[in-house]
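Heads up: the structure comes next, in structure tokens.
2 protein chains.
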Amino acid sequence: MKEIITGLNKQFDNRVRLGIMSILLVNDWVDFNTLKQKLELTDGRLASHIKALEAEEYIEVRKQFIGKKPNTSYQVSATGRKAFNEHLDALERLINITK
Amino acid sequence: MKEIITGLNKQFDNRVRLGIMSILLVNDWVDFNTLKQKLELTDGRLASHIKALEAEEYIEVRKQFIGKKPNTSYQVSATGRKAFNEHLDALERLINITK
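Just so you know, the protein sequences line up as chains A and B, in that order. In the numbering used here, each residue's number is its place in the first sequence (first place is 1) plus 10. In the numbering used here, each residue's number is its place in the second sequence (first place is 1) plus 10.
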């Protein structure tokens, strides 16, 4: 049991982070507003979780202009992909134990 | 995506709580020291998460004496079983999206 718990990544304990990472795992470059809409979050709440994932280098940021409008997009990094997949594997083992 | 996130129970965001609930889901009446050993936690940390799960009425407590020694055991309540199974279902949906 201990191994499963330690296999779970503390950075992904939060539901919002699970949501962000899941979306980024299956989509290339997703912009802030799309994430916000898909997860129905406020700007502040989304921004704080993105900042935390960025600090771990789990996601990469791209800032550009679309016309005159600034646009910020995110994609999962190789590190983030590996970390999140390990987390999902640990969750799967946990689910299997309980079924 | 929003539905999956809201299907995840905030009370189970924490890895330790996932561990406690998983153990209680598949075992009847587990005592404090067994939980502590299985999850390799300090008394304080385990106690604080147990208290939170008790407050939600997700687990039930039984205090008794074994010989002269007090012994406290826990089992998952019907409410807790339902809530945790719903959480695991939401996690499974999340895992399936990403595979």
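The beta carbon of each residue, even a glycine, is placed where N, CA and C say it ideally should be.
Give a yes or no on whether the minimum CB-CB distance between residue i and chain B is below 8 Å.
{"i": "L98 of chain A", "result": "yes"}
{"i": "D23 of chain A", "result": "yes"}
So which of the options has the shortest CA-CA distance to residue i?
{"i": "K61 of chain B", "options": "B:N106, B:D38, B:S83", "result": "B:S83"}
{"i": "D41 of chain B", "options": "B:K12, B:E66, B:K79, B:H97", "result": "B:K79"}
{"i": "E70 of chain A", "options": "A:G90, A:N81, A:D53, A:G77", "result": "A:G90"}
{"i": "L98 of chain B", "options": "A:E96, A:G29, A:E102", "result": "A:E102"}
{"i": "M11 of chain A", "options": "B:G29, B:I14, B:T16, B:D23", "result": "B:G29"}
Looking only at its chain, what residues have a beta carbon closer than 8 Å to the beta carbon of residue i, apart from the 5 residues adjacent to it on each side?
{"i": "V26 of chain A", "result": "L49, L51, R55, L56, H59"}
{"i": "Y68 of chain B", "result": "Q21, M31, V86, S87, T89, G90, A93, F94"}
DSSP on residue i, reduced to helix/strand/coil?
{"i": "S87 of chain B", "result": "coil"}
{"i": "N24 of chain B", "result": "coil"}
Does chain C have any CB closer than 8 Å to the CB of residue i?
{"i": "E102 of chain A", "result": "Of the protein chains in the structure, A and B, none is chain C."}
Note down, in chain order, every chain A residue with its Cβ under 7 Å from the Cβ of residue i.
{"i": "E50 of chain B", "result": "K12"}
Output needed for residue i: all residues of its chain with C-beta closer than 7 Å, excluding positions within five of it in sequence on either side, in chain order.
{"i": "L38 of chain A", "result": "The displayed chain sequence assigns Asp, not Leu, to residue 38 of chain A. Once the five neighbours on either side are set aside, the close Cβ partners of D38 of chain A are Q85."}
Going along the chain, which residues of its own chain have a beta-carbon closer than 6 Å to the beta-carbon of residue i, five neighbours each way excluded?
{"i": "I76 of chain B", "result": "none"}
With 8 Å as the threshold, decide whether the Cβ of residue i is near any Cβ in chain A.
{"i": "I60 of chain B", "result": "no"}
{"i": "S32 of chain B", "result": "yes"}
{"i": "I69 of chain B", "result": "no"}
Which chain A residues sit within Cβ distance under 8 Å of residue i?
{"i": "L18 of chain B", "result": "R25, L28"}
{"i": "S87 of chain B", "result": "What S87 of chain B touches in chain A: nothing, since even the nearest Cβ is about 16 Å away."}
{"i": "V36 of chain B", "result": "I107, T108"}
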